[in-house]
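Step one of this worksheet: look at the structure below.
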Amino acid sequence: MFSEKKTKMAANPNTQQNTIAKGTQITGDIISEGDFRIEGSVEGNIKTPGKVVIGKTGSIKGTLKAENADVEGIFSGKLLLSDTLTLRATAHVDGEAEVGKLAVEPGANFNATCQMKGAVKELDKPSNNNQQVKNKPQEQGQSA
Numbered sequence: 001m002f003s004e005k006k007t008k009m010a011a012n013p014n015t016q017q018n019t020i021a022k023g024t025q026i027t028g029d030i031i032s033e034g035d036f037r038i039e040g041s042v043e044g045n046i047k048t049p050g051k052v053v054i055g056k057t058g059s060i061k062g063t064l065k066a067e068n069a070d071v072e073g074i075f076s077g078k079l080l081l082s083d084t085l086t087l088r089a090t091a092h093v094d095g096e097a098e099v100g101k102l103a104v105e106p107g108a109n110f111n112a113t114c115q116m117k118g119a120v121k122e123l124d125k126p127s128n129n130n131q132q133v134k135n136k137p138q139e140q141g142q143s144a
């Protein structure tokens, strides 16, 4: 019984973390089902449904599409995150960011255009209060 559970956990790719070690340079696109920790250098696009951590010695130049990202190193390009971007004090980010949430530690460099996906949807919703205000002046004008 216990061995079946262990097998299922080991077979789940989301529990495994891919690591690009310090000193490793990769040029090209990476697509994976697992999380990433990058201490080396990547020039290209990374796509994963999980989390990407860019360590202090890590750098990415390209597009990163993931659920979450935690940046301690250097990122240059386009960030497309469905949830949270966390910038540590040692982070240097240049480019564009489309995120659900943003957390920035003091000292981080964030030179990017940023779009918060969650807030935009809430602002576009029509409210009943606006419709009532528009109707009131018309009612007053008709009775005079």
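In my numbering, the protein residues as written are 1 to 144.
The C-beta atom is built at its ideal place from N, Cα and C for all residues, glycine as well.
Given the structure is predicted, the values throughout are model-derived calculations rather than measurements.
Sequence-distant residues of its chain with Cβ nearer than 6 Å to Lys47 (five each side left out) | Ile31, Lys65
With a CB to CB cut of under 6 Å and the five nearest residues on each side skipped, what residues in its chain are close to Asn68?
-> Cβ within range, chain order: Lys51, Asp83, Thr84.
Looking at Gly40 and Lys145, is the spacing between their C-beta atoms short of 8 Å?
-> For residue 145 there is no data in the structure shown, the boundaries of the chain being 1 and 144.
Exposed unless 16 or more other CB atoms sit within 10 angstroms - verdict on Ala103 | exposed
Using only the heavy atoms of the ligand COA, determine whether one of them is closer than 7 Å to the beta carbon of Glu39.
-> Absence of the ligand COA is noted for the structure shown, with no ligands found whatsoever.
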